[in-house]
Amino acid sequence: RPIALAGLMGGFDTRVTDDTTAVFLEAAHFAPAAIMGRGRKLGLHTDAGHRFERGVDPALPRTAIEYATRLVLDLAGGTPAPVTEAVSAADLPATATIGLRRARIARVLGIQIADADVERILRALGMDVSATADGWLVTAPSRRFDIAIEEDLIEELARIHGYEQIPTTLPGGASRIAMPSETRLDDLSVRRQLVA
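Start counting the sequence shown at 60; every next residue gets the next number (the working numbering).
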């Protein structure tokens, strides 16, 4: 008999009732691709399904199980058993290291941000930063699914450094508005003339 639909919902046979005396807590990580569409296909719209479809920090299960255990002990008492971990490192999402160039920051934002400020901001966001000749190599924490390319890092720098620190300037050069041709009419103009 199935005990759960992985990443979607627990089973009836594993529910907690007033007669429950022993509890087994499980915390898991499921890749979004493994869960995506499964709930809809089965007609299940669950919080777990929605979370896993969007991505969950693969480092979270250990923290979550410790927190849940502490809550159960505080509220109901009992004696905890040791934590058993089953990790398949090959199936966990890889954390990418992204190259961040000083010149690219200046080109995208239009300002220079001091090296010390770049490193301070990125480290404050939980990122691993190592200097290179033309910038940095940055590894985002596992919970930051939104950090995938250099521009994502630049966006974070702009946000924390402050958008108000970036000067607003209009594009240079003269703007030219093309005049419509007097000898050429579009189809709509011809139709309007013929209908009248």
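Glycine included, C-beta positions come from ideal geometry on N, C-alpha and C.
Burial state of residue i, where buried means 16 or more other Cβ atoms lie within 10 Å
i: Ile94; result: buried
i: Gly136; result: exposed
i: Leu220; result: Contrary to the premise, residue 220 reads as His rather than Leu in this sequence. Counting Cβ neighbours within 10 Å, His220 comes out buried, since at least 16 surround it.
i: Leu67; result: buried
i: Ala107; result: buried
Close-in-space but distant-in-sequence residues of the same chain around residue i (CB under 6 Å, 5 per side omitted)
i: Arg202; result: Asp116
i: Glu178; result: Val188
i: Arg160; result: Asp193, Gly194
i: Gly114; result: Pro91, Phe204
Reduced DSSP secondary structure (H/G/I, E/B, other) of residue i
i: Thr198; result: strand
i: Arg235; result: coil
i: Val188; result: strand
i: Leu84; result: coil
i: Gly69; result: strand
Neighbourhood of residue i by C-beta distance below 8 Å, restricted to the same chain and skipping five residues each side
i: Ala63; result: Gly69, Gly70, Thr73
i: Glu215; result: Ile180, Leu181, Leu184, Ile206
i: His104; result: Gly98
i: Ile213; result: Leu159, Arg163, Ile164, Val167, Leu168
Sequence-distant residues of its chain with Cβ nearer than 7 Å to residue i (five each side left out)
i: Thr198; result: Thr154, Thr156, Met186, Asp187
Endpoints, beta strand (DSSP E) assigned at residue i
i: Thr138; result: Neither: Thr138 is in no beta strand (DSSP E) and is coded neither H nor E.
i: Leu216; result: Careful: Leu216 lies outside any beta strand (DSSP E), inside the alpha helix (DSSP H) at 209–220.
i: Ile157; result: 156–160
Where the alpha helix (DSSP H) through residue i begins and ends
i: Gln252; result: 246–254
i: Glu112; result: 106–113
i: Arg182; result: 174–183
- Query: Using 8 Å as the threshold, is the region 165–178 in touch with the region 76–91, meaning 3 or more CB pairs across them?
  - Reply: No contact exists between the region 165–178 and the region 76–91.
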